[in-house]
Each structure stands twice: as C-alpha cells, then as structure tokens.
Amino acid sequence: MGRLSGRIALVTGAASGIGRSSAIAMAREGAELIVTDVDAAGGLQTRDMIVSTGGRAVFHLHDVTRENAWAQVLSGLGELHVLVNNAGHCAAAPLSEMPYELWRRQLSVNLDGVYFGVKLAMPLLAKSGKGSIVNISSVAGLKGIAGLSGYCASKAAVRLFTKAVALECAAAGNKVRVNAICPGAIETPIWVKMGNGGALPSDAKRYGEAMETARAASVTATPLGHAGAPSDVASGVVFLASDESSFVTGTELIIDGGVMAG
Ligand SMILES: NC(=O)c1ccc[n+]([C@@H]2O[C@H](COP(=O)([O-])OP(=O)(O)OC[C@H]3O[C@@H](n4cnc5c(N)ncnc54)[C@H](O)[C@@H]3O)[C@@H](O)[C@H]2O)c1
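According to the numbering used here, the sequence shown holds residues -7 to 254 in order.
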C-alpha cells in the first residue's frame, strides 16, 4: 500500500524538472496523476514514464495563466486530493533592463497561476475530505537575489498567499492543508531558461555551457557543496501530500542544501 494510494493528484508544469519528478514520485506511492503543462511533448513523456512503470496518469495541455484552461481541466475531474502548483517562469535581468512584459510574465505564471489553481480547485479538494495543496515557491522568495527581482517578488508572494489561504481553510474547517516548498538550487532546465528570457535556447552547446556555469555556481553557493536533484524536492512534495503531514499547514519546507541556514 503506497503512501498516496487512492489519491488523485494534479501537478502543473509536469513536463520537466521538479514537476515531472514530483508526479513520478507520487505515482510510485499509488496516486493517480493528472499531469499538465504548456509543453505537450514533455508532458506526454512524463505521462508515458508513469504509465510504463505501471502507474496511472493522463496529460492535459494547460496554461496556468488562463482561468478558462483551469476550468476545463478541473471540470473533467470527479475527485481531487492533491494539487501541486509547480509551473514556473524565471527570467534574469537587472531591473533597468527588465521590460514590463517580462515582469508580468513571471507574476502571471508564478503567482496568478497559483491563485487560479488554488481558487478553482478548492471545492474539489474540500470535497475529498483530505485535500493538500503544495505551492512551489523558492529560496528566491525568502531572500533577495540580484537580477531576479520579478522572480523574487512572485515567489515571496506565493509564500504569504499560501499562509493566508491555509488559515482560511483551517477557519472554514474544510480539511484542506496548504503548504509551500522553497527549493534552493535544483538542477533543472530552468537554470538555462533564466538567462534566455525564460525560454529554452535551441542551441545544444549553449544549453550545455549555461548548465555547467550554473552547476559550478551552485557548488560554491550551497553549504552541502552541490546542487539538489528534482527528486530531493519530490520527496518533500510526497510528504506534504500524504497523511504523514496531517498536522502541517501554512508552513514552508526549505529544501536548499543549507543555503538559508546562515
Ligand atoms: N530549479 C531550481 O533551482 C528551482 C529553485 C527554486 C524554485 N524552483 C521552482 O520550481 C518549479 C519547477 O521548476 P523547474 O526547476 O522544474 O523548471 P523547469 O523549467 O524544468 O519546469 C518548469 C515547467 O513549467 C512549465 N510552464 C511554464 N509556464 C507555464 C504555464 N504558463 N503553464 C503551464 N506550465 C508552464 C514549463 O513548460 C516547464 O515544464 C518552478 O516553480 C520554479 O520556479 C526551481
């Protein structure tokens, strides 16, 4: 019997990195997965990775910034126990060089997307009697990072949004727990996208070089001496999704190799 047997879990941004790893980890624990993303090829690959190992998963093309896309995905569900708001956009630029569209894009994906998900999925989660929402924030939501003002603003907002909604749910007695995870440097394609306006560069050589630079930077910046893997965050997601965390709400789990310790 898995730790999430009988649960239905939806993960946004599940075509890649932390979202994919979290979906796979929850499926391994017996959950039925709804994986969503704007990247259809990657999302279908995640679905296939789960199904080919005996798990259950479906993929939906889903832009988290669009309210009607959320309504469409959720309308097909009879039940929902776990929502992982993971989709993210990160674009590095000093404020003086950050156009409004880039600022808005980060707020839109990282914050508006979480607002829509939490608001629209809440009735289904409450109906389940065991709802758990996990919002993926960041160490960049706990401290300022030069060149990431838009990203930091969006991730900090997600932390307090999480706490406020957790208290509303507790007061309503709807048995929905709401928590955030703040990852530090986790080796995923977002490292490469952030230097390219938030999009993947098409040039493989450039991708490899950017990944190597980010990996080297995270070695010196992380007390444990290396970047984390997506599975390090997925373990936290499984814990917050499961009954093991039934007395945990309104908190943030920092998974950062010690960055925030000093
Ligand atoms: N990797 C890190 O170092 C790190 C650290 C802290 C927080 N995070 C957060 O973790 C989450 C996952 O990021 P990752 O590192 O796995 O990056 P990633 O780039 O591998 O995955 C992000 C996914 O979000 C999807 N996405 C982007 N915009 C979307 C939209 N509008 N609608 C639906 N999906 C969309 C992308 O297609 C992609 O599959 C993000 O919220 C990110 O901000 C990452």
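All residues carry an ideal CB built from backbone N, CA and C; glycine is no exception. Computed from a predicted model, the values in this text were never measured in an experiment.
Rounded to whole angstroms, the separation of the alpha carbons of residue 175 and residue 230 is 14 Å. For residue 11, DSSP assigns no beta-bridge partner whatsoever. Pairing residue 135 with residue 49, the inter-Cα distance amounts to about 36 Å.
If you draw a 10 Å sphere on the C-beta of residue 64, you find fewer than 16 other C-beta atoms in it, and that means exposed. With respect to the C-alpha of residue -6, the residue from 17, 22, 8 having the closest C-alpha is 22. Distances from the CB of residue 185 to the heavy atoms of ligand 1 include at least one below 7 Å.
Beta-bridge annotation (DSSP): residue 76 is paired with 3, 126. 8 Å or more divides the Cβ of residue 10 from the Cβ of residue 102. The straight-line gap separating the alpha-carbon atoms of residue 126 and residue 242 is approximately 10 Å.
Separation of residue 52 and residue 32 (C-alpha to C-alpha, rounded to the nearest whole angstrom) is 8 Å. A check of alpha carbon separations from residue 123 across 131, 140, 238, 209 identifies 238 as the nearest. With respect to the 8 Å criterion, residue 129 and residue 173 are classified as neighbours on the basis of their beta carbons. About 6 Å separates the beta carbon of residue 25 from that of residue 1, a gap short enough to meet the 8 Å contact definition. The criterion of a C-beta distance shorter than 8 Å is not satisfied by residue 159 and residue 113. Residue state for residue 240 is assigned as coil, using DSSP reduced to three classes. According to the DSSP assignment, residue 21 belongs to no beta strand (DSSP E), since it is labelled neither H nor E. If you draw a straight line from the Cα of residue 121 to the Cα of residue 109, it is about 18 Å long. Bridge partners of residue 49 according to DSSP: 25.
Around the beta carbon of residue 44, fewer than 16 other beta carbons sit within 10 angstroms, so the residue counts as exposed.
By the criterion of a C-beta distance shorter than 8 Å, residue 59 is surrounded in its chain by 108, 112, once the five residues flanking it on both sides are discounted.
DSSP places residue 175 outside any alpha helix (DSSP H); the residue lies instead in the beta strand (DSSP E), whose first and last residues are 168 to 175. Between residue 99 and residue 139, the gap from beta carbon to beta carbon reaches 8 Å or more.
Placement of the Cβ of residue 78 at a distance of less than 7 Å from at least one heavy atom of ligand 1 is found. Between residue -1 and residue 74 a beta carbon distance of about 6 Å is seen, short of the 8 Å cut, so the two are scored as contacting. Straight-line spacing of the CA atoms in residue 157 and residue 145 works out to 18 Å.
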